[in-house]
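Participant: Note that the protein sequences, when read in sequence, are chains B and S. Under our numbering, the residue at position 150 of the first sequence is numbered 150, and the numbers go up by one with no gaps. Take the position in the second sequence, starting the count at 1, then add 721; the result is the number in our numbering. Beta carbons are placed, not taken as given, at the ideal position from N, Cα and C, and that holds for glycine.
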Amino acid sequence: MKWQRSKMNIGQKVRGLVLVCSTLTFLALSSIGLYGMYYNQKTVVEQGTASGDISADYTEAVVKELSLTILSTVAKGRAAQLNRELIINAEDAMVLSSAMTEILTHPERHMERNLADPRRDKIHSGEVYLWLSPSLEDAMTPELKHEIGIASNIEDSLFSMAKSYGDYRTSCFLASEDGYFICVDVDPEHEIIEGFEDQMEGFDPRERPWYILPPEGEDYTFSEIFVGVEGFPSITAVTPYYDKNGFAGIVGVDASLSSIQKLVMETGVGHTGFSIALDGDGNVVFSPKASGALAPSQDVDLRQLEEENLAHAAKEMTAGETGVLPVSFDGEEYYLAYAPMPAIGWSFGTLIDKKEIAEPAAASRQVILEQTGEFIGDMRGNFYRMLIVTVLILALLFVVISALSSRLVGRFTKPIKALAEGVQEISGGNLGRKLDIRTGDELEHLADSFNTMTDELKTYMENLTRVTVEREREQAEMNIAAGIQKGLLPRSFPERKDIALYASMCPAKNVGGDFYDFYFLDEHHLVITMADVSGKGVGAAIFMSRSMTILKNLATMMKDPDDLAGVLFCANNQLCHGNEEDMFVTVFMGMLDTRTGEFTYANGGHNPPLLRRGADGTFGYLTENGSCMLGLKEDVPFVQQSMKLEPGSMIFLYTDGATEAMNEKRELFSENRLLETLSQVPSQASPEEVLSTVEKAVHTHANSAEQSDDITMLGLRFIGE
Amino acid sequence: MESPDTAGIRFDTREEKGWTIWSLSGSMDVFTSPEIDEEGQKVLTTAEKLVVDLANVEYLSSAGLRVLVRLGKRAKKEGKGYAIASAQGMAACVLKESHMNMLVPMMDSLEDLE
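Structure below.
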């Protein structure tokens with residue numbers, strides 16, 4: 001089926017165009033906007049997700065780092081604190097050592113003293129007492145007794161020292177190499193120190209585990225942990241003292257490990273945190289755990305455990321390193337922060353369950369991801385809201401533009417409609433209709449152009465009408481004239497043995513005025529006439545018929561048979577009468593005596609005819625003493641001439657329509673060409689054949705050029721009897 | 722009514738020796754005759770003695786002859802001088818054959834003006 005273009009008027013097309021353009025524009029703009037929003041939303045979602053992940057990761061890392069830093073700080077702080085306390089004990093021991101060395105190296109400065117004896121006296125907390133090892137019961141000498149009395153002057157220093165320990169359970173003492181033992185015990189829980197009987201049974205200070213010398217180059221050392229005579233696990237800072245003879249004994253200051261134990265037990269980060277104290281052999285000394293890998297034990301070396309990371313951590317700790325390591329034991333995972341206590345070669349470790357660190361980090365991560373998720377959700381929501389709003393606006397815009405464009409298009413197309421209606425009316429023939437469009441734009445210009453065109457068209461139509469009427473009138477005249485001319489010319493040629501005659505008239509389109517005539521005055525006198533009336537139309541035709549009639553009448557009424565000059569004279573005078581239009585006629589008139597060949601002729605301003613004398617002669621122009629044309633001036637004299645024609649002679653009459661026929665180059669056929677054409681005609685050719693030859697020659701010359709004048713010819717051949 | 726084949730006609734008027742010399746150039750045929758007649762009548766109205774200079778007329782038809790005769794008759798009626806001068810070639814031949822000299826004074830050249 002052939003596609004057919006829908007027929008729409010300009011308004012509908014413009015409205016459609018406006019709608020399409022505005023919709024496309026809005027779609028393009030909103031698409032760009034929506035794409036931008038979608039792209040932004042997409043980017044924000046991606047970036048938000050990434051940021052959330054990054055933030056969560058970062059937060060998680062920071063929380064973990066922070067937790068581990070805290071853990072490490074706690075470990076280092078506690079280790080330093082405990083180490084410091086132990087060193088204080090050692091320093092106290094060194095103070096006592098100096099005091100004792102001063103007493104023993106300067107005995108003369110001191111008086112003997114008597115100290116309390118646990119075997120005899122009740123010993124109060126903070127009271128200095130003297131214990132003699134059982135070996136001295138038999139070996140006591142006065143010098144030794146004196147020395148003991150002098151050495152007992154350390155009582156003040158011991159008392160002060162013990163007092164400075166305040167609420168801590170401790171013992172400060174001096175163990176002589178001679179076997180005596182000066183000591184002060186501090187027990188914040190008891191006023192009287194009890195249990196001497198059991199605890200001091202067979203007590204020889206020189207046999208105690210703490211009776212040791214510091215390593216070479218060191219001022220002090222610590223004993224192994226031991227359970228003191230008072231029943232508490234202790235550790236003792238020891239340092240030697242001297243008399244005049246050199247080494248005299250060991251000063252010791254007990255540090256009750258209960259305070260260390262308490263600190264270890266109390267130290268824990270978070271809910272799951274706890275601490276341990278590890279000695280130099282990898283044994284857990286203190287731990288709140290009652291069972292498991294980290295329960296206190298003197299038999300388990302953590303470095304030997306199967307849990308590799310815990311064993312590794314234990315190695316680090318016993319090596320005196322500081323750090324934080326993940327460890328796993330008993331099916332749980334912990335972070336372990338550790339720091340050394342160099343004084344006693346221990347390490348303080350504090351642990352926290354990994355989950356406790358991971359949880360807040362995960363919580364932070366969750367919060368961040370939730371917030372990011374909410375933000376992304378908001379972004380998506382905004383995008384879809386904007387999408388809906390865009391669609392709604394598009395619909396609204398469509399409605400508004402439709403309404404507005406209808407009105408606007410109506411306004412724009414109103415002048416076009418007016419123009420179309422006006423033009424239609426004009427095309428309907430009302431050329432008086434004026435288009436009045438004042439829009440100030442191309443339409444007004446178009447309307448003005450239409451008005452101008454209409455005016456010109458009107459003028460043209462009027463002119464055309466006038467010219468057409470004129471032309472029709474002229475054509476009617478021409479037709480009448482042609483009718484008159486044609487009707488007058490004789491068409492019946494004489495058929496005789498003594499002459500042959502033929503004539504033709506080829507009328508031009510607009511001109512009628514040529515005529516030929518021939519008639520016998522009697523049996524032997526033939527009159528031939530060739531004439532050309534000036535002018536055209538009916539006037540010329542009437543003048544022609546007048547001329548023809550006058551000439552024929554006068555010829556037939558001639559008194560003298562050959563008075564042709566008189567005929568022309570009289571005809572001229574008659575034609576001059578009433579010739580207001582100054583028409584005239586050129587006339588050649590001749591009369592042939594068909595018996596003798598006598599040819600008489602007279603010329604009134606007409607082209608000279610051509611004559612061939614005899615059948616063998618050549619054509620030549622007939623020289624004559626002619627006169628002027630007829631109808632212009634009265635009483636003009638005419639002359640006639642006579643000549644005798646031989647049989648076979650031919651006379652050729654013509655009008656200037658033949659010789660003055662022009663071709664496209666405006667070249668005349670000319671008298672020379674006429675002569676040339678006739679010269680080539682065979683001598684036996686009939687007049688009809690001669691005329692036909694000439695007519696063909698003229699038409700060949702004129703080619704396509706329009707014939708401007710009548711071409712009239714007459715040929716007369718004298719045959720004789 | 723203009724023919725496409727016509728060569729047209731041009732006019733020039735000047736005064737010399739008391740004569741108004743009206744020079745024609747082109748063709749005096751059935752198509753140009755109305756224009757020549759109209760122009761000639763105007764020129765004759767202002768001229769005391771009119772000579773029609775045919776030196777540049779290449780073609781002269783019977784319609785052209787009629788214009789020349791009409792001007793001559795009017796000049797004679799109004800007592801004005803009138804002559805035809807300087808006809809050449811075909812125009813001279815036509816004038817001669819029609820014996821216009823019997824109707825209108827003719828001169829071979831403008832030098833013959835008196």
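Report the start-end ranges of each beta strand (DSSP E) in the stretch 239 to 277 of chain B that is 3 residues or longer and not cut off at the edges.
Facilitator: 246 to 256
Participant: By a C-beta neighbour count over all protein chains shown, 10 Å radius and 16 as the cutoff for buried, is P725 (chain S) buried or exposed?
Facilitator: Position 4 of the second sequence, counting from 1, holds the residue named residue 725 (chain S). Unreliable positioning characterises P725 (chain S) in this predicted model, as indicated by a pLDDT of 39, which lies under 50. The coordinate reading is nonetheless provided below. By the neighbour-count rule (16 or more Cβ atoms within 10 Å), P725 (chain S) is not buried but exposed.
Participant: Can you find a CB in chain B that lies within less than 8 Å of the CB of A812 (chain S)?
Facilitator: For the purposes of this step, residue 812 (chain S) is taken as residue 91 along the second sequence, with counting starting at 1. It does not: the Cβ of A812 (chain S) has no partner Cβ on chain B nearer than 8 Å.
Participant: Can you tell me whether K417 (chain B) is buried or exposed, with buried defined as 16 or more other CB within 10 angstroms of its CB?
Facilitator: Taking the first sequence and counting its residues from 1, the one referred to as residue 417 (chain B) is at position 417. That one is exposed.
Participant: Please state the DSSP three-state secondary structure of M505 (chain B).
Facilitator: Residue 505 (chain B) sits at position 505 when you count from the first residue of the first sequence. DSSP places M505 (chain B) in strand when its eight states are reduced to three.
Participant: I need the DSSP call for N463 (chain B), collapsed to helix, strand or coil.
Facilitator: For the purposes of this step, residue 463 (chain B) is taken as residue 463 along the first sequence, with counting starting at 1. Reduced to three states, the DSSP call for N463 (chain B) is helix.
Participant: Going residue by residue through the stretch 126 to 197 of chain B, where are the continuous beta strand (DSSP E) segments of at least 3 residues, counting only ones entirely within it?
Facilitator: 128 to 132, 170 to 176, 180 to 186
Participant: For L789 (chain S), return the contacting residues in chain B, with the cut-off set at a CB-CB distance below 9 Å.
Facilitator: Residue mapping note: residue 789 (chain S) aligns to position 68 of the second sequence, counting from 1. By Cβ distance, chain B contributes nothing, its closest Cβ being about 10 Å from L789 (chain S), past 9 Å.
Participant: Can you determine whether any heavy atom of the ligand MG sits closer than 7 Å to the C-beta of P118 (chain B), and answer yes or no?
Facilitator: Absent from the structure shown: the ligand MG. Ligands present: none.
Participant: Would a check of beta-carbon distances place S687 (chain S) closer than 8 Å to chain B?
Facilitator: Chain S is shown only over 722 to 835; residue 687 (chain S) falls outside these bounds and no answer can be derived.
Participant: Alpha carbon to alpha carbon, what distance is there between A531 (chain B) and L824 (chain S)?
Facilitator: The residue given as residue 824 (chain S) occupies position 103 in the second sequence. The residue given as residue 531 (chain B) occupies position 531 in the first sequence. Cα to Cα, L824 (chain S) sits roughly 19 Å from A531 (chain B).
Participant: Assuming contact is defined by CB atoms lying nearer than 8 Å, are D750 (chain S) and A776 (chain S) in contact in what I supplied?
Facilitator: Position 29 of the second sequence, counting from 1, holds the residue named residue 750 (chain S). Position 55 of the second sequence, counting from 1, holds the residue named residue 776 (chain S). A distance of 8 Å or more separates the beta carbons of D750 (chain S) and A776 (chain S).
Participant: If you run the structure through DSSP and keep just helix, strand and coil, what is R119 (chain B)?
Facilitator: Along the first sequence, read from residue 1 onward, the residue named residue 119 (chain B) stands at position 119. In this structure, R119 (chain B) counts as coil in the three-state DSSP scheme.
Participant: Is the stretch 80 to 95 of chain B in contact with the stretch 236 to 248 of chain B, if contact means three or more CB pairs nearer than 8 Å?
Facilitator: yes
Participant: Could you tell me the alpha carbon to alpha carbon distance between T677 (chain B) and V694 (chain B), rounded to whole angstroms?
Facilitator: As a working note, residue 677 (chain B) is residue 677 in the first sequence. As a working note, residue 694 (chain B) is residue 694 in the first sequence. Whole-angstrom Cα-Cα distance: 7 Å.
Participant: Per DSSP, what kind of secondary structure is H124 (chain B) in: helix, strand or coil?
Facilitator: In the first sequence, counting from the first residue as 1, residue 124 (chain B) sits at position 124. H124 (chain B): strand per DSSP, three-state reduction.
Participant: If the criterion is Cβ atoms closer than 8 Å, does the pair F638 (chain B) and L568 (chain B) meet it?
Facilitator: By 1-based counting over the first sequence, the position of residue 638 (chain B) is 638. By 1-based counting over the first sequence, the position of residue 568 (chain B) is 568. Between F638 (chain B) and L568 (chain B), the gap from beta carbon to beta carbon is short of 8 Å.
Participant: Kindly list the residues whose CB is nearer than 6 Å to the CB of D185 (chain B), restricted to its own chain and excluding five residues on each side of it in sequence; keep chain order.
Facilitator: Sequence index remark: in the first sequence, residue 185 (chain B) carries index 185 (1-based). For D185 (chain B), where only same-chain residues beyond five positions count, the Cβ hits under 6 Å are S171, I193.
Participant: Note down, in chain order, each residue of its chain lying with its Cβ closer than 8 Å to the Cβ of M1 (chain B), except the 5 sequence neighbours on either side.
Facilitator: Position 1 of the first sequence, counted from the start, is the residue given in the question as residue 1 (chain B). A caution first: M1 (chain B) carries a pLDDT of 46, below 50, which makes its placement in the model unreliable, though a value can still be read off. Closer than 8 Å at the Cβ level, and outside the excluded window around M1 (chain B), lies no residue.
Participant: In or out: S291 (chain B) buried (at least 16 other Cβ within 10 Å) or exposed?
Facilitator: Your numbering for residue 291 (chain B) matches position 291 in the first sequence. Its Cβ having fewer than 16 others within 10 Å, S291 (chain B) is exposed.
Participant: Count the other C-beta atoms from every protein chain shown that fall within 10 angstroms of the C-beta of M461 (chain B), then say buried if there are 16 or more, exposed otherwise.
Facilitator: As a working note, residue 461 (chain B) is residue 461 in the first sequence. By the C-beta density criterion, M461 (chain B) is exposed, having fewer than 16 other C-beta atoms within 10 angstroms.
Participant: Assuming contact is defined by CB atoms lying nearer than 8 Å, are M629 (chain B) and S819 (chain S) in contact in what I supplied?
Facilitator: Taking the first sequence and counting its residues from 1, one reaches residue 629 (chain B) at position 629. Taking the second sequence and counting its residues from 1, one reaches residue 819 (chain S) at position 98. Yes, the Cβ-Cβ distance between M629 (chain B) and S819 (chain S) is below 8 Å.
Participant: On a CA-only basis, which of B:R365, B:L305, B:L369 is nearest F329 (chain B)? Give me that one, please.
Facilitator: The residue you call residue 329 (chain B) lines up with position 329 of the first sequence. The residue with the shortest Cα to Cα distance from F329 (chain B) is B:L305.
Participant: Report, in whole angstroms, the separation of the C-beta atoms of A337 (chain B) and V74 (chain B), which I expect to be a contact under 8 Å.
Facilitator: As a working mapping, residue 337 (chain B) is identified with position 337 in the first sequence. As a working mapping, residue 74 (chain B) is identified with position 74 in the first sequence. A337 (chain B) to V74 (chain B), Cβ: 7 Å. Contact.
Participant: Helix, strand or coil for Y621 (chain B) per DSSP?
Facilitator: Stepping through the first sequence from its first residue, residue 621 (chain B) is reached at position 621. Correct three-state label for Y621 (chain B): strand.
Participant: Would you kindly report the start and end of the unbroken alpha helix (DSSP H) that includes P637 (chain B)?
Facilitator: Translated into the one-based positions of the first sequence, residue 637 (chain B) becomes position 637. In the DSSP annotation of this structure, P637 (chain B) is not part of any alpha helix (DSSP H), being labelled neither H nor E.
Participant: Closest by CA to A481 (chain B), which one among B:D517, B:S504, B:F543, B:E523?
Facilitator: On the first sequence, position 481 is the one that residue 481 (chain B) refers to. Comparing Cα-Cα distances from A481 (chain B) to each of B:D517, B:S504, B:F543, B:E523, the minimum goes to B:F543.
Participant: E756 (chain S) touches chain B at which residues, Cβ-Cβ below 8 Å?
Facilitator: Counting from one through the second sequence, the residue named residue 756 (chain S) turns up at place 35. Neighbours of E756 (chain S) on chain B: none; closest Cβ ~15 Å, over 8 Å.
Participant: Distance, Cα to Cα, F669 (chain B) vs Q707 (chain B)?
Facilitator: Residue numbering aside, residue 669 (chain B) sits at position 669 when the first sequence is read from its first letter. Residue numbering aside, residue 707 (chain B) sits at position 707 when the first sequence is read from its first letter. Whole-angstrom Cα-Cα distance: 12 Å.
Participant: Could you check the C-alpha separation between G747 (chain S) and M505 (chain B) for me, to the nearest Å?
Facilitator: The residue given as residue 747 (chain S) occupies position 26 in the second sequence. The residue given as residue 505 (chain B) occupies position 505 in the first sequence. The alpha-carbon atoms of G747 (chain S) and M505 (chain B) are separated by roughly 28 Å.
Participant: Given a cut-off of 8 Å on the beta-carbon distance, is the pair R754 (chain B) and A175 (chain B) in contact?
Facilitator: Only positions 1 to 721 of chain B appear in the structure, and residue 754 (chain B) is not among them; the question remains open.
Participant: May I have the straight-line CA-CA distance separating M111 (chain B) from F203 (chain B), to the nearest angstrom?
Facilitator: What you label residue 111 (chain B) is simply residue 111 of the first sequence in a count that begins at 1. What you label residue 203 (chain B) is simply residue 203 of the first sequence in a count that begins at 1. It is roughly 27 Å from the alpha-carbon of M111 (chain B) to the alpha-carbon of F203 (chain B).
Participant: When you compare only the Cα positions, how much space is there between E723 (chain S) and I742 (chain S)?
Facilitator: Counting from 1 along the second sequence, the entry for residue 723 (chain S) is found at position 2. Counting from 1 along the second sequence, the entry for residue 742 (chain S) is found at position 21. Reliability of the predicted coordinates at E723 (chain S) is poor, the pLDDT of 38 falling under 50, and no value is obtained from them.
Participant: Suppose the cutoff is 6 Å on Cβ atoms and the five residues either side in sequence are ignored; what does the same chain contact list for G648 (chain B) look like?
Facilitator: Working through the first sequence from its first residue, we reach residue 648 (chain B) at position 648. Result list for G648 (chain B): G614, A615, in chain order.
Participant: Tell me the start and end of each unbroken alpha helix (DSSP H) in the stretch 494 to 558 of chain B that is at least 4 residues and wholly inside, in chain order.
Facilitator: 537 to 556
Participant: Please state if the CB of N579 (chain B) and the CB of G631 (chain B) are separated by a distance shorter than 8 Å.
Facilitator: Translated into positions along the first sequence, residue 631 (chain B) becomes position 631. Translated into positions along the first sequence, residue 579 (chain B) becomes position 579. Yes; because the gap between Cβ atoms is below 8 Å, this pair is in contact.
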